[in-house]
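Engineer:
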Amino acid sequence: MAVCKCTGEHVDSPQDVELMELLGHYRDYDGGLIPVLQGAQEIYGYLPAEVLEKISQELSIPFSEVFGVVTFYAQFHLKPRGRNIIRVCLGTACHVLGGSKIFTALQDELGVENGGTTEDLRFTLESVACIGACGLAPCIMINDDTHGRLIPSDMKKILEQYE
Amino acid sequence: MSNLEQMRSGIEESYKGKLDRARIVVGLGTCGIAAGGNKVMEAIKGEVSTQGLDVDIDFTSCIGMCFAEPVVEISLPGASSVIYGGVFPESVSKLIAGHLIAKTPVTEMAQIQIPGDASPYEGIPVMDKSGYYAKQLRSVTSRLGRTNPESIEDYIATGGYAAIEKAISMDRLDIINEVKKSGLRGRGGGGFPTGTKWQFVHDAAGSKKYIVCNADEGDPGAFMDRSVLEGDPHAILEGMLIAGYAIGSDEGVIYCRAEYPLAIKRLNLAIEKAEEMGLMGENILGSGFNFTVRIKAGAGAFVCGEETALLNSIEGKRGMPRVRPPFPAHKGLWQKPTCLNNVETFANIPFIVRNGGDWYAAMGTEKSKGSKVFCLTGKINHTGLCEVPMGITMGEILNDIAGGVLGGKKFKAVQSGGPSGGCLPNDKLDLPIDYDSLIGAGAMMGSGGLVFMDEETCMVDVAKFFLNFTQLESCGKCTPCREGTKRLLEILERICVGAGVPEDIETLERLAKVIKSSALCALGQTAPNPVMTTLRYFRDEYEAHIVDKRCPAGVCPDLLTFCVVKDKCVGCGLCIKACPVNAISGEKKVAHVIDGKACIKCGACVPTCKFNAIIKA
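Protein chains in written order, with my numbering: chain A, 1 to 163; chain B, 164 to 780.
#1: Name, please, each residue of chain B whose Cβ falls closer than 9 Å to the Cβ of Thr-118(A).
#2: Quick check: is the beta carbon of Gly-482(B) nearer than 8 Å to any beta carbon in chain A?
#3: Could you tell me the alpha carbon to alpha carbon distance between Glu-168(B) and Ala-326(B), rounded to whole angstroms?
#4: Just grab the DSSP bridge partners of Asn-84(A) for me.
#5: Using the beta-carbon of each residue, which ones in chain B are nearer than 8 Å to Asp-30(A)?
#6: Measuring only between beta-carbons, confirm whether His-95(A) sits less than 8 Å from chain B.
#7: Is Arg-350(B) near Pro-356(B), with beta carbons less than 8 Å apart?
#8: Within its chain, find whatever has a CB closer than 7 Å to the CB of Lys-208(B); leave out the 5 residues flanking it on each side and keep chain order.
#9: For Gly-369(B), which three-state DSSP category applies?
#10: Using only the alpha-carbon positions, how far apart do Thr-724(B) and Cys-659(B) sit?
#11: Would you kindly check if the distance between the Cβ of Ala-524(B) and the Cβ of Lys-344(B) is under 8 Å?
#12: Can you give me the start and stop residues for the alpha helix (DSSP H) that Gln-498(B) sits inside?
#13: Are the CB atoms of Arg-81(A) and Thr-118(A) nearer to each other than 8 Å?
#14: For the candidate residues Leu-539(B), Leu-442(B), Val-342(B) and Glu-393(B), whose alpha-carbon lies nearest to that of Arg-309(B)?
#15: 8 Å is my cut-off, CB to CB: does Ala-74(A) come that close to chain B?
#16: Cutting at 7 Å between CB atoms, please list the residues of its own chain near Pro-691(B), excluding the five before and the five after it.
#17: Let me see if you follow: with CB-CB separation under 8 Å, is Thr-124(A) close to chain B or not?
#18: With Thr-146(A) as the anchor, note down where its alpha helix (DSSP H) starts and where it stops.
#19: Is it the case that the region 270-285 of chain B contacts the region 394-401 of chain B, given that we only count it when at least three CB pairs across the two stretches are under 8 Å?
#20: Given this structure, state the Cα-to-Cα distance separating Met-1(A) from Leu-37(A), to the nearest angstrom.
#21: Would you identify the three-state DSSP class for Ser-390(B), choosing helix, strand or coil?
#22: Is Gly-91(A) close to chain B, meaning its C-beta is less than 8 Å from at least one C-beta of that chain?
#23: Does any residue of chain B bring its CB to less than 8 Å from the CB of Ala-105(A)?
#24: Residues in its own chain within less than 6 Å of Pro-595(B) by CB, not counting five upstream and five downstream?
#25: So Cys-229(B) contacts chain A; which residues on that side make the cut at Cβ distance below 7 Å?
#26: Within 10 Å of its beta-carbon, does Val-416(B) have 16 or more other beta-carbons around it, so buried, or fewer, so exposed?
#27: Could you confirm whether any beta carbon from chain B is found closer than 8 Å to the beta carbon of Gly-199(A)?
#28: Can you list the residues of chain A that Gln-578(B) reaches, using a CB-CB cut of under 8 Å?
#29: Is there a C-beta anywhere in chain B that falls below 8 Å from the one on Asp-12(A)?
#30: Quick check on Met-553(B): does DSSP put it in helix, strand or coil?
#31: Check whether the Cβ atoms of Ser-534(B) and Leu-307(B) sit closer than 8 Å, and answer yes or no.
#32: Take Gly-605(B) as the anchor and find which of Tyr-284(B), Gly-584(B), Lys-179(B) and Met-616(B) has the nearest alpha-carbon.
#33: Is Gly-463(B) close to chain A? Criterion is C-beta to C-beta, closer than 8 Å.
#34: Classify Ile-174(B): buried if its beta carbon has 16 or more other beta carbons within 10 angstroms, exposed otherwise.
#35: How would you list, in chain order, the residues of chain E whose beta-carbon sits under 7 Å from the beta-carbon of Val-614(B)?
#36: Helix or strand or just coil, what does DSSP make of Gly-99(A)?
Structure, rendered in structure tokens:
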């Protein structure tokens with residue numbers, strides 16, 4: 001059981017224990033806020049307000065500053081996210097080769113808008129500027145897998161691979 | 164130091180042995196994996212074990228032929244290596260039966276061959292003479308697709324870490340002078356002379372200095388840095404080591420964008436292996452020089468590719484640019500002197516130190532030396548990565564390397580330099596590529612993304628696309644960029660829906676000039692470039708949108724109408740089925756009609772018509 005350094009209270013959930021370990025690692029580390037936020041988001045799947053408060057207290061960084069950093073970077077999320085993250089590339093190369101049609105097909109298939117999450121928390125759909133696989137345009141990334149040279153009718157089959 | 168020398172001969176010996184066996188090598192860069200490389204790898208392993216073949220299976224990074232992914236190389240002892248393209252799990256057994264068992268290459272799937280000392284096979288282009296590679300000059304990318312990027316032994320056997328060995332026996336200023344002599348300019352886009360930057364950091368007061376590698380490649384259409392990070396991570400580490408030694412720094416940071424998980428994995432592995440071998444960490448090669456490198460993963464902000472914003476981000480702050488001066492060379496990371504270079508710049512350093520500055524300066528043009536890696540994307544036959552000598556023309560890249568425009572369409576423009584760059588038209592195809600001539604033409608080198616566009620691309624739409632990007636990525640710190648890009652975008656949006664007014668062109672030009680001259684950082688200063696170049700070279704398209712309410716390329720949906728050419732339509736009904744809103748009607752074998760009011764201009768009907776009877780105008 002871990003003990004919170006500031007309030008002395010015990011924390012129980014495995015996620016909280018993991019967060020305390022993460023904070024312990026970065027407490028005296030210059031510029032540790034972003035790695036801590038990245039780690040916390042790994043643990044919780046997103047960044048709940050209580051977690052941000054805890055990070056602010058433990059790293060002695062004002063909450064406003066923590067919130068400022070979270071909202072600045074596209075990678076951080078304040079709301080729960082789907083188990084599978086779909087990133088549709090709308091970069092130049094994909095744009096020229098019909099990336100927006102792929103995006104529309106996914107929106108229709110999932111019934112969510114850009115940035116939305118399906119009700120069953122299975123998928124979150126996002127557009128990104130470029131995932132660096134322009135040679136395979138148009139392409140999307142689901143979690144860490146890149147799928148390239150797509151046509152809109154491929155979407156259904158690709159989505160079926162992810163639970 | 165003798166330690167590495169001893170190790171090297173052993174490693175070289177075993178590397179030769181490795182090359183002298185039957186091998187199958189699969190290209191597993193991000194692009195290869197995306198095209199299905201892992202599945203091909205599985206199929207190969209399965210086939211080899213079922214057949215009980217004595218063959219080595221290895222993987223490599225991206226050789227640059229993205230158009231041919233997944234790529235597999237097969238070589239037999241003492242014979243030419245053949246690189247196959249478009250290899251899918253189904254074609255594996257054919258390749259193995261043909262090339263490995265019957266010892267006859269499967270010519271119809273072969274892209275190129277690399278004979279080495281052996282005699283080439285007939286009917287397969289030799290790499291250096293093939294269409295895609297003939298005009299290339301592979302230096303920084305020489306290991307890409309040729310070695311296993313996760314093997315430090317492969318790196319050392321191909322001359323790796325010889326440069327740091329040489330550097331630590333040299334005087335620090337001599338190293339800097341060698342870099343100056345090479346004429347190397349920053350490959351991240353700005354083109355600042357690297358040796359001069361190193362000199363500044365070397366001369367800056369203070370005992371603690373940092374080396375930072377900018378691997379936050381965010382330009383849409385650019386993936387050179389990813390390819391080098393994934394394909395030759397040790398070269399970047401070695402470049403940083405040499406920089407650290409030359410300027411007197413003991414700590415390096417690589418700021419890599421989070422969207423490149425494979426690059427981060429391979430870098431971490433490379434650091435671990437280099438530390439194990441005493442090539443990084445304390446007392447490197449017994450010289451008393453200490454240097455460590457850590458990786459900082461970005462968090463998704465394009466502006467962090469700007470050097471001072473990147474430094475703020477490493478410090479755990481919002482990635483907003485700082486006012487300069489002071490420049491990072493004097494007050495950079497944690498206010499200490501910092502040498503900040505791009506991935507490709509660092510990757511060039513080992514080659515320059517090993518071969519000398521004069522060797523490097525012999526390549527390229529008077530003011531832009533060496534070679535440059537470009538990413539070729541868009542509507543061309545051969546998308547991929549290429550490395551060319553500076554001074555090559557855009558036309559040579561398009562026609563000789565990229566294989567011309569896709570589908571035999573007409574070339575319209577090439578976008579160089581990402582959102583900070585510009586679109587160059589047909590009459591600039593003979594422009595020699597170097598930093599200064601590109602800037603003269605209104606574009607810029609940028610990091611090296613080239614997006615080719617054909618006659619079906621609307622240049623106003625392209626400008627709108629880039630402005631949408633920069634406007635979203637503007638950090639909001641300075642007003643010209645925050646407000647200016649938003650206003651530019653609004654005007655472009657208005658023009659694209661047919662609500663533009665004649666004064667818009669003048670307003671765009673005035674606003675672009677203001678932003679360019681007053682924004683705080685390079686993101687803002689270059690944001691108007693796509694608008695300015697499209698206005699300069701494609702003004703008639705703007706005028707067509709504004710005055711005639713017409714989109715000549717047939718892209719902007721609000722300015723389009725779809726209609727059926729009666730004489731061509733045979734009334735087959737395919738378009739009726741394709742239309743998502745039931746806007747097309749007509750009896751069988753009678754010319755169909757599109758209801759303009761119901762049509763949502765999605766264009767779904769056009770490709771279904773086998774008689775080209777549906778036109779958009």
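Glycine is no exception: its CB is placed at the ideal position from the N, C-alpha and C atoms.
If you're wondering where the values come from, they're calculated on a predicted model, not measured in any experiment.
Structural biologist: Result, derived from the coordinates:
#1: One-based indexing of the first sequence puts residue 118(A) at position 118. Ordered by position in chain B, no residue passes the 9 Å Cβ test against Thr-118(A), which lies about 22 Å from the chain.
#2: For the purposes of this step, residue 482(B) is identified with residue 319 of the second sequence, where counting begins at 1. So yes, Gly-482(B) belongs to the interface.
#3: Working through the second sequence from its first residue, we reach residue 168(B) at position 5. Working through the second sequence from its first residue, we reach residue 326(B) at position 163. Rounded to the nearest angstrom, the two C-alpha atoms are 12 Å apart.
#4: Translated into the one-based positions of the first sequence, residue 84(A) becomes position 84. Per DSSP, Phe-123(A).
#5: Position 30 of the first sequence, counted from the first residue, corresponds to residue 30(A). The answer, in chain order, is Glu-478, Gly-479 and Trp-497.
#6: The count along the first sequence starts at 1 and reaches residue 95(A) at position 95. With 8 Å as the cut-off, His-95(A) counts as an interface residue toward chain B.
#7: Along the second sequence, one-based indexing puts residue 350(B) at 187. Along the second sequence, one-based indexing puts residue 356(B) at 193. No, they are not a contact pair.
#8: Residue mapping note: residue 208(B) aligns to position 45 of the second sequence, counting from 1. For Lys-208(B), same chain residues with a beta-carbon under 7 Å away, outside a window of 5 residues either side, are Ile-220 in chain order.
#9: Taking the first residue of the second sequence as 1, we reach residue 369(B) at position 206. Correct three-state label for Gly-369(B): coil.
#10: Position 561 of the second sequence, counted from the start, is the residue given in the question as residue 724(B). Position 496 of the second sequence, counted from the start, is the residue given in the question as residue 659(B). So the alpha carbons of these two residues sit roughly 14 Å apart.
#11: Taking the first residue of the second sequence as position 1, residue 344(B) is located at position 181. Taking the first residue of the second sequence as position 1, residue 524(B) is located at position 361. In contact: Lys-344(B) and Ala-524(B) (Cβ atoms closer than 8 Å).
#12: Looking up residue 498(B) in the second sequence gives position 335. First-last for Gln-498(B): undefined, no H or E at that position.
#13: For the purposes of this step, residue 81(A) is taken as residue 81 along the first sequence, with counting starting at 1. For the purposes of this step, residue 118(A) is taken as residue 118 along the first sequence, with counting starting at 1. No. Outside cutoff.
#14: Start at 1 with the first residue of the second sequence, and residue 309(B) comes out as number 146. Taking only the C-alpha atoms, the option nearest Arg-309(B) is Glu-393(B).
#15: As a first step, residue 74(A) must be located in the first sequence, where it is residue number 74. By this cut-off, Ala-74(A) is an interface position.
#16: The count along the second sequence starts at 1 and reaches residue 691(B) at position 528. Closer than 7 Å at the Cβ level, and outside the excluded window around Pro-691(B), lie Leu-651, Ala-675, Ile-678 and Lys-679.
#17: Position 124 of the first sequence, counted from the start, is the residue given in the question as residue 124(A). Chain B contact via Cβ: absent.
#18: Within the first sequence, residue 146(A) is the residue found at index 146, counting from 1. Premise fails: Thr-146(A) lies in the beta strand (DSSP E), 145-147, not in any alpha helix (DSSP H).
#19: Flag = no, the region 394-401 of chain B and the region 270-285 of chain B do not touch.
#20: The count along the first sequence starts at 1 and reaches residue 1(A) at position 1. The count along the first sequence starts at 1 and reaches residue 37(A) at position 37. Only weak support is given to the placement of Met-1(A): the predicted model assigns it a pLDDT of 46, under 50, and the value that follows is read from those uncertain coordinates. Going from the Cα of Met-1(A) to the Cα of Leu-37(A) covers about 22 Å.
#21: To locate residue 390(B), count along the second sequence from 1; it is residue 227. Helix at Ser-390(B).
#22: Here residue 91(A) corresponds to residue number 91 of the first sequence, with the count starting at 1. By this cut-off, Gly-91(A) is an interface position.
#23: The residue you call residue 105(A) lines up with position 105 of the first sequence. Answer no: the Cβ-Cβ gap between Ala-105(A) and chain B never drops below 8 Å.
#24: On the second sequence, residue 595(B) is found 432 positions in, with the first residue counted as 1. Excluding positions up to five away in sequence, the list reads Gly-554 and Thr-556.
#25: Indexing the second sequence from 1 puts residue 229(B) at position 66. By Cβ distance, chain A contributes Gly-135 and Leu-136.
#26: Taking the first residue of the second sequence as 1, we reach residue 416(B) at position 253. Answer is buried; the Cβ neighbour count reaches 16.
#27: This structure cannot speak to residue 199(A), because chain A is shown only from 1 to 163.
#28: Numbered from 1 along the second sequence, position 415 holds the residue referred to as residue 578(B). Thr-92, listed in chain order.
#29: Counted from its first residue, the first sequence places residue 12(A) at position 12. Not one chain B Cβ lies under 8 Å of Asp-12(A).
#30: To locate residue 553(B), count along the second sequence from 1; it is residue 390. Correct three-state label for Met-553(B): coil.
#31: Within the second sequence, numbered from 1, the residue matching residue 534(B) stands at position 371. Within the second sequence, numbered from 1, the residue matching residue 307(B) stands at position 144. Not a contact, by the Cβ cut-off of 8 Å.
#32: Here residue 605(B) corresponds to residue number 442 of the second sequence, with the count starting at 1. It is Gly-584(B).
#33: Start at 1 with the first residue of the second sequence, and residue 463(B) comes out as number 300. Judged by the 8 Å Cβ criterion, Gly-463(B) is in contact with chain A.
#34: Taking the first residue of the second sequence as 1, we reach residue 174(B) at position 11. By the 10 Å Cβ count, Ile-174(B) comes out buried.
#35: Note that chain E does not occur in the displayed structure, where the protein chains are A and B.
#36: Taking the first sequence and counting its residues from 1, one reaches residue 99(A) at position 99. In the structure shown, Gly-99(A) sits in a helix (DSSP, three-state: H, G or I).
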